[in-house]
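*Asks:* This is the structure I have questions about; it appears just below.
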Amino acid sequence: MKPRQKPQTAPLRSTCPVASTLDLVGDKWSLLLVRDLLEGKRTYSELQQSSEAIPTNILAERLKRLEAAGVIAKTAYQQHPPRYTYELTRKGAALGEAVLAIAKWGLHHIPGTVAPEMLSRRLK
Numbered sequence: 001m002k003p004r005q006k007p008q009t010a011p012l013r014s015t016c017p018v019a020s021t022l023d024l025v026g027d028k029w030s031l032l033l034v035r036d037l038l039e040g041k042r043t044y045s046e047l048q049q050s051s052e053a054i055p056t057n058i059l060a061e062r063l064k065r066l067e068a069a070g071v072i073a074k075t076a077y078q079q080h081p082p083r084y085t086y087e088l089t090r091k092g093a094a095l096g097e098a099v100l101a102i103a104k105w106g107l108h109h110i111p112g113t114v115a116p117e118m119l120s121r122r123l124k
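Just so we're aligned, residue 1 is where the sequence shown starts under my numbering, counting upward by one.
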C-alpha cells in the first residue's frame with residue numbers, strides 16, 4: 001500500500017501567516033462567501049443572490065478555490081444537471097471567526113454599516 005501523500009499546493013510566496021492567508025482569501029469575494037455560508041446560504045443560487053452581486057464566473061472560481069483549500073465542502077444534491085450544496089468545513093468555520101471579528105470592527109469603525117441578522121446574533 002502506498003502512503004497517502006499530502007495534496008499539492010502552490011508554493012508559499014511568504015512564510016508570514018497574514019500574507020499566506022491573504023493569498024487565499026484576500027480578494028474581494030472570498031470572505032463574503034464565508035459570511036454567506038455562516039448566514040446559512042447553501043446553494044449556488046443563494047450565494048449568487050447576495051446584495052454584493054458576485055459575477056457568476058467569479059463565484060464559480062472562488063467556490064473551487066475555497067473547496068481546494070479545504071475551507072468549504074460541496075455535496076451533490078442533483079445529478080442532471082449537477083447541483084451542489086456548500087458548507088463550511090472545520091477549517092472554514094475557524095475562518096468564520098475572523099469574518100466575525102472583521103464584521104465587529106466594521107460595525108464599530110465604519111459609520112452606516114449594519115450586520116445581517118445572523119451575524120448580529122453571533123456578534124452578541
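Note that CB positions come from ideal geometry on N, CA and C, so glycine has one too.
Any chance you could list the beta strand (DSSP E) runs of at least 3 consecutive residues sitting entirely within the region 62 to 116, in chain order?
*Replies:* The qualifying runs are 72 to 78 and 83 to 88.
*Asks:* Near Thr15, what residues of its chain come up, given a Cβ to Cβ distance below 8 Å and the 5 sequence neighbours on each side ignored?
*Replies:* Your numbering for residue 15 matches position 15 in the sequence shown. Same-chain partners within the cutoff: there are none.
*Asks:* Does the beta-carbon of Ser20 have 16 or more other beta-carbons within 10 angstroms, so that it is buried, or is it exposed?
*Replies:* Locating residue 20 in the sequence shown gives position 20, counting from the first residue. It is exposed - the Cβ of Ser20 has fewer than 16 other Cβ atoms within 10 Å.
*Asks:* Exposed or buried, Gln8, counting other C-beta atoms within 10 Å across all chains shown (16 or more means buried)?
*Replies:* Mapped onto the sequence shown, residue 8 falls at position 8. In this predicted model, Gln8 has a pLDDT of only 49, less than 50, meaning its place in the structure is not dependable enough to derive any value.
*Asks:* What do you get for Gly92, buried or exposed, if any count of 16 or more other CB atoms within 10 angstroms of its CB means buried?
*Replies:* The residue given as residue 92 occupies position 92 in the sequence shown. Burial call: buried.
*Asks:* What separation, rounded to the nearest whole angstrom, lies between the Cα atoms of Tyr77 and Ser45?
*Replies:* As a working mapping, residue 77 is identified with position 77 in the sequence shown. As a working mapping, residue 45 is identified with position 45 in the sequence shown. Each residue's alpha carbon lies about 14 Å from the other.
*Asks:* Determine, using beta carbons only, whether Val99 and Val34 come nearer to each other than 7 Å.
*Replies:* Taking the first residue of the sequence shown as position 1, residue 99 is located at position 99. Taking the first residue of the sequence shown as position 1, residue 34 is located at position 34. Cβ distance < 7 Å, so Val99 and Val34 count as in contact.
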